[in-house]
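*Asks:*
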Amino acid sequence: MIDVLYFAWVRERIGLPRERLDTAAETVADLVAELVAREERYAAAFADTSALRVALDQELADFSAPLAGVREVAFFPPMTGG
Amino acid sequence: MRVAVQAEAFDPGHEATGFGQGMPGVGAVVTFAGVVRDTTGTLAAMEIEHYPGMTERAIAGILAEAVARWHLLDALVIHRHGRLGPGEPIMMVATAAAHRAEAFAAAEFLMDYLKSRAPFWKKEITATGAEWVAAKDADEDALDRW
């Protein structure tokens with residue numbers, strides 16, 4: 084099981100802030116493909132992954148990163164702090 | 028060293044008072060405060076979303092790098108989340124070092140990294156609707172100089 088978190092407009096498009104998933108995805112990209120195939124709202128949120136960032140266990144990562152041992156995945160747009 | 032990620036309002040002047048004072052070796056203190064900008068005069072509020080847990084971790088990491096690189100003797104980062112009104116302070120950084128070059132550089136480094144590496148997202152609320160603030164390429168490019 085893996086916790087998947089969504090922030091900002093990704094959260095709004097998908098319609099929920101977090102969910103717990105049972106997935107066999109080996110990489111972040113595999114997980115995205117799995118989500119996109121599920122429902123249109125996921126396809127809308129992940130239409131352009133170059134506009135998105137991903138964090139694995141609260142550390143920024145790449146979409147090619149492996150998910151082995153990861154407990155928390157978060158998807159969000161580029162950050163706008165400061 | 029102190030990091031505060033909070034919904035509560037704060038007073039940058041109050042926070043700056045006494046910062047770095049009485050610490051041996053401190054010769055320069057730089058403080059910076061960012062406030063909610065109302066570019067068009069129509070802003071009702073700014074909503075700032077964050078990623079609890081990762082936000083504190085990311086800022087602590089950025090702060091540790093600044094402390095090591097510029098030999099800071101003290102440092103402070105405050106960043107708010109939630110709903111803020113125009114003109115309210117969003118965040119502040121303060122750095123204390125032996126000399127001003129280090130204090131200024133570290134403060135600018137902290138600002139550049141907080142903008143695009145700390146998980147905050149701003150949304151502008153106006154009378155006609157709400158819109159997420161888009162990240163600027165210039166903000167990402169600003170990291171290259173470090």
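In order, the protein sequences belong to chains A and B.
Here our numbering is used: the first residue of the first sequence is 84, the next is one more, and so on.
Here our numbering is used: the first residue of the second sequence is 28, the next is one more, and so on.
Glycine included, C-beta positions come from ideal geometry on N, C-alpha and C.
Note down, in chain order, every chain B residue with its Cβ under 8 Å from the Cβ of Phe159 of chain A.
*Replies:* Tyr78, Pro146, Trp148
*Asks:* Can you check the stretch 48-106 of chain B for any beta strand (DSSP E) of at least 3 residues that lies completely inside it and give the ranges in chain order?
*Replies:* 55-62, 70-77
*Asks:* Considering only the alpha carbon of each residue, which of B:Gly61, B:Leu111, B:Asp171 lies closest to Met119 of chain B?
*Replies:* B:Gly61
*Asks:* Roughly how many angstroms separate the alpha carbons of Ile117 of chain B and Leu150 of chain A, rounded to a whole number?
*Replies:* 35 Å
*Asks:* Just to make sure I have the definition right: I need the residues of chain A whose C-beta is within less than 8 Å of the C-beta of Met73 of chain B. Which are they?
*Replies:* In chain order: nothing, as chain A lies at least about 10 Å away.
*Asks:* Could you compute how far the alpha carbon of Ala102 of chain B sits from the alpha carbon of Glu135 of chain B?
*Replies:* 13 Å
*Asks:* Shorter than 7 Å from the beta carbon of Gly164 of chain A to some beta carbon of chain B?
*Replies:* yes
*Asks:* Below 8 Å on C-beta distance, what does Ala91 of chain A contact in chain B?
*Replies:* Going along chain B in sequence order, the residues near Ala91 of chain A (Cβ under 8 Å) are Glu76, Trp148, Lys150, Trp159.
*Asks:* Pick from A:Ala126, A:Ala107, A:Thr163: whose alpha carbon is nearest that of Val153 of chain A?
*Replies:* A:Ala107
*Asks:* What are the residues in the stretch 128-139 of chain A lying within 8 Å of chain B by C-beta distance?
*Replies:* Ala138
*Asks:* So what does Val234 of chain B bridge to, in DSSP terms?
*Replies:* The first residue shown for chain B is 28 and the last is 173, placing residue 234 of chain B beyond what the model contains.
*Asks:* The beta strand (DSSP E) spanning Trp148 of chain B covers which residue range?
*Replies:* 147-153 is the extent of the beta strand (DSSP E) around Trp148 of chain B.
*Asks:* Starting from Val153 of chain A and walking both ways along the alpha helix (DSSP H), at which residues does that stretch end?
*Replies:* Counting along the chain, Val153 of chain A falls outside any alpha helix (DSSP H), and DSSP gives it neither H nor E.
*Asks:* For Ala144 of chain A, which of helix, strand or coil comes out of DSSP?
*Replies:* strand
*Asks:* Find the residues of chain A that neighbour Met28 of chain B, judging by a C-beta separation of less than 7 Å, and give them in chain order.
*Replies:* Listed along chain A is no residue with a C-beta nearer than 7 Å to that of Met28 of chain B; the closest approach is about 19 Å.
*Asks:* Have a look at B:Leu137, B:Phe131, B:Ala121 and flag the residue whose alpha-carbon is nearest the alpha-carbon of Gly45 of chain B.
*Replies:* B:Ala121
*Asks:* For Arg110 of chain B, return the contacting residues in chain A, with the cut-off set at a CB-CB distance below 7 Å.
*Replies:* Within 7 Å Cβ-Cβ: nothing; Arg110 of chain B doesn't reach chain A, min ~15 Å.
*Asks:* I need the DSSP call for Val120 of chain B, collapsed to helix, strand or coil.
*Replies:* strand
*Asks:* What are the partner residues of Thr44 of chain B, as DSSP defines its beta bridges?
*Replies:* Residue pairing of Thr44 of chain B in beta bridges, as defined by DSSP: absent, with no partner found.
*Asks:* With a threshold of 8 Å on Cβ separation, who are the neighbours of Thr110 of chain A within its own chain once the five nearest residues in sequence on each side are excluded?
*Replies:* Phe146, Ser147, Ala148, Pro149, Leu150
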